[in-house]
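Taken in order, the sequence shown gives residues 1 to 378; the numbers are from full-length UniProt numbering.
We put the beta carbon where it would ideally sit given N, CA and C, even for glycine.
Here the structure is a predicted model, which means the values were calculated and not measured.
Accompanying notes for the structure given below.
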Amino acid sequence: MATAYKSSPGNDPTASLDTIKRKNHRIIIADVKKEVGLHTLCAAHKLEMTWRQKYVWVLPSWLPKGWFNVSKDELPAGCTMEHIENAVNLSFTYRFKEVEDDSFEINAGFKNVLEWKTTFNGTIVPYAGYAYDAIWTLANSLDKLNSTRFIPSVLDPFRKRLYMAKWIQTIKRNSFNEVTGTVSFRSTTRQSQPIYLDQYVAGEYKPEPRSIKTSALNDDDEEFKIVHKILWPLGRPTDGSAPSGSKGCQSLIKGLAAFLRIECEIATAIAIVVIVLASIIAFGFVGGALVYRHYEKKVRLIEQQQDSSLSSLSEYELPEDSVRIYRSLGEGAFGKVYLGEYLKEEGCVFAVAIKAARDPKNLNAKLVVERSRGYETI
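Following this line, the structure appears as structure tokens:
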């Protein structure tokens, strides 16, 4: 996640910092001079974008020691020196390695770095080696190009442009061992250049425990030497985005991750759990509805069977209102047997044995009578 803004003395950086905050960018690299730096860190204090909110500030090394210790007249409105120092606290400065080790062999006019230092009697200002190497890089690449006898014509602008293009290609194709190390350009910037970080702790900058190279470097590399441990009082911060798999993060998941300020993988896991739980609940409701519907149908069917009329009686069943019971003959496994009369039609009476079936589920059911062949008449 990267966003670039420019500011100049007299401009209020609050709007730019507010945009960075809304985009949830947590690591801020500020190439600022003293005046702009004061206003920028004052705005950071007001917007709560300091180490206390797990923001990481990286400031340039050219700012002098105690650069924020200024008079009240120089301080931005609404901020004190304590506010500025609180914003600077636990920030980092970055610096490049100025020169290689003394024994490093070079092909820039000297045998090694020590000989180069000795020649200048130790009066070498910071980054003087880069200016020296820049001249030698141009000179060495120009010498290699001229060795191909590709000389431009003074009167031919096209050949001049072609010559410059070939010169740049020569610089990219070759590497040079110089006082600042191996100079090699793969694009428009120098590659594999060590960067050193110092952390501001308790009023002074302490070296970060390891140097950082612009190219990949294994943890067991000799460049990684512990000097001081980085302090993260509130826990190790992030850059505000998922460190891995964020490119494949779907827009909905990415929005959830940004809202909760968590990694994409964690947001994906949360979404999966929510979907699974919602599916279980939905299936539970659907299953319960189906079971209840089946139960209702069964109950209605039983009620219909119990409430149905006796108009469709079998040949052994008699309507209750046509039977007269006199006395009990006995009780069997399926109910009591009675002696009675059956009035089939007007003036036609039959003596019958009547069996009343047991119905423990419905005590109010009508008496079911059955004409037995053995006692059809007496």
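Throw me the rounded Cβ distance for the T93 and D239 pair, which I believe falls under 8 Å. Taking the first residue of the sequence shown as position 1, residue 93 is located at position 93. Taking the first residue of the sequence shown as position 1, residue 239 is located at position 239. In this structure T93 does not touch D239 by the C-beta definition: roughly 19 Å separates them, more than the 8 Å allowed.
Which whole-angstrom value describes the C-beta separation of F68 and E48, a residue pair presumed to lie in contact below a C-beta threshold of 8 Å? The sequence position of residue 68 within the sequence shown is 68, counting from 1. The sequence position of residue 48 within the sequence shown is 48, counting from 1. Between E48 and F68 the Cβ distance is about 18 Å, and since that is not below 8 Å, they are no contact.
Through-space distance from L301 to V274, alpha-carbon basis: If you number the sequence shown from 1, residue 274 lands on position 274. If you number the sequence shown from 1, residue 301 lands on position 301. Taking the straight line from one Cα to the other gives about 41 Å.
Tell me whether A353 is buried or exposed, calling it buried when 16 or more other Cβ atoms sit within 10 Å of its Cβ. Stepping through the sequence shown from its first residue, residue 353 is reached at position 353. Burial check for A353: the Cβ neighbour count within 10 Å reaches 16 or more, so the residue is buried.
Mapping DSSP to helix, strand and coil, what is residue 387? Past the boundaries of the shown model lies residue 387; the chain is included only from 1 to 378, so the question cannot be answered.
Using only the alpha-carbon positions, how far apart do E320 and G340 sit? By 1-based counting over the sequence shown, the position of residue 320 is 320. By 1-based counting over the sequence shown, the position of residue 340 is 340. If you draw a straight line from the Cα of E320 to the Cα of G340, it is about 12 Å long.
Report the three-state DSSP secondary structure of S184 (helix, strand or coil). Numbered from 1 along the sequence shown, position 184 holds the residue referred to as residue 184. In the displayed model, S184 falls within a strand according to three-state DSSP.
Chain-order list of residues whose beta-carbon lies under 7 Å from that of K72 (same chain, five-residue window excluded): Residue 72 sits at position 72 when you count from the first residue of the sequence shown. Here the set comprises nothing.
Sort E100, F185, V349 by Cα distance to R324 and report the nearest one. Against the sequence shown, residue 324 aligns to sequence position 324. Of E100, F185, V349, the residue nearest in Cα terms is V349.
Reference D133; option with closest CA among V276, G37, E98: Translated into the one-based positions of the sequence shown, residue 133 becomes position 133. Answer by Cα proximity: E98.
List the residues that DSSP assigns as beta-bridge partners of T79. The count along the sequence shown starts at 1 and reaches residue 79 at position 79. Sequence inspection shows Cys at residue 79; the Thr mentioned does not correspond to that position. C79 pairs with nothing; no bridge assigned.
Once you ignore the five residues that flank W116 on each side, which residues in its own chain have a CB closer than 6 Å to its CB? For the purposes of this step, residue 116 is taken as residue 116 along the sequence shown, with counting starting at 1. Result list for W116: F110, V179, in chain order.
Can you tell which of L329, H25, V58 has its C-alpha closest to the C-alpha of Y196? Residue mapping note: residue 196 aligns to position 196 of the sequence shown, counting from 1. Nearest neighbour of Y196 by Cα position, chosen from L329, H25, V58, turns out to be V58.
Three-state secondary structure assigned by DSSP to P209: To locate residue 209, count along the sequence shown from 1; it is residue 209. Residue placement at P209 cannot be trusted, given a pLDDT of 47 that sits under 50; what the coordinates show is reported in the next sentence. Three-state DSSP puts P209 in coil, outside helix and strand.
Given a threshold of 16 other Cβ atoms within 10 Å of its Cβ, counted over all protein chains shown, does K172 qualify as buried or as exposed? Start at 1 with the first residue of the sequence shown, and residue 172 comes out as number 172. Exposed is the call here.
Label K355 either buried or exposed according to how many other C-beta atoms from any shown protein chain fall within 10 Å of its C-beta, with 16 as the threshold for buried. Sequence index remark: in the sequence shown, residue 355 carries index 355 (1-based). Under this definition K355 is a buried residue.
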